[in-house]
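Numbering follows numbering that gives the first Met the number 0, with no gaps: position 49 of the sequence shown is 48.
For glycine and all other residues, C-beta sits at the position ideal for the given N, C-alpha and C.
Take a look at the structure set out below.
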Amino acid sequence: MTDLELQGKRVLIREDLNVPIKNGIITSDARILAAIPTIEYALKAGARVILMSHLGRPIEGN
């Protein structure tokens with residue numbers, strides 16, 4: 000991404016933020032923390048960042 004001109008552009012970033020949750024509490028934020036440098040880089044380069052992720056696995060029939 001460092002070789003791209005991001006100033007003024009919309010950048011869609013799909014991150015794997017599928018974090019483990021137990022009793023409604025995140026038990027490891029490692030994936031969230033790992034995503035921060037990429038997001039910050041795009042913002043500092045002047046991009047308008049759109050984040051995309053999901054939580055959990057799809058349930059058959061839904």
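When the Cα of residue i is compared with those of the options, which residue comes out closest?
{"i": "Arg13", "options": "Lys43, Ile35, Gly45", "result": "Ile35"}
{"i": "Gly23", "options": "Glu59, Leu54, Ile58", "result": "Leu54"}
By how many angstroms is the C-alpha of residue j removed from the C-alpha of residue i?
{"i": "Ile49", "j": "Glu4", "result": "16 Å"}
{"i": "Leu42", "j": "Pro57", "result": "31 Å"}
{"i": "Gly60", "j": "Met51", "result": "23 Å"}
{"i": "Gln6", "j": "Tyr40", "result": "11 Å"}
Check the DSSP bridge columns for residue i and list the partner residues they point to.
{"i": "Lys21", "result": "Ile24"}
{"i": "Leu11", "result": "Ile49"}
Indicate whether residue i and residue j have their beta-carbon atoms separated by less than 8 Å.
{"i": "Ile38", "j": "Leu16", "result": "no"}
{"i": "Ala46", "j": "Val10", "result": "yes"}
{"i": "Asp2", "j": "Val18", "result": "no"}
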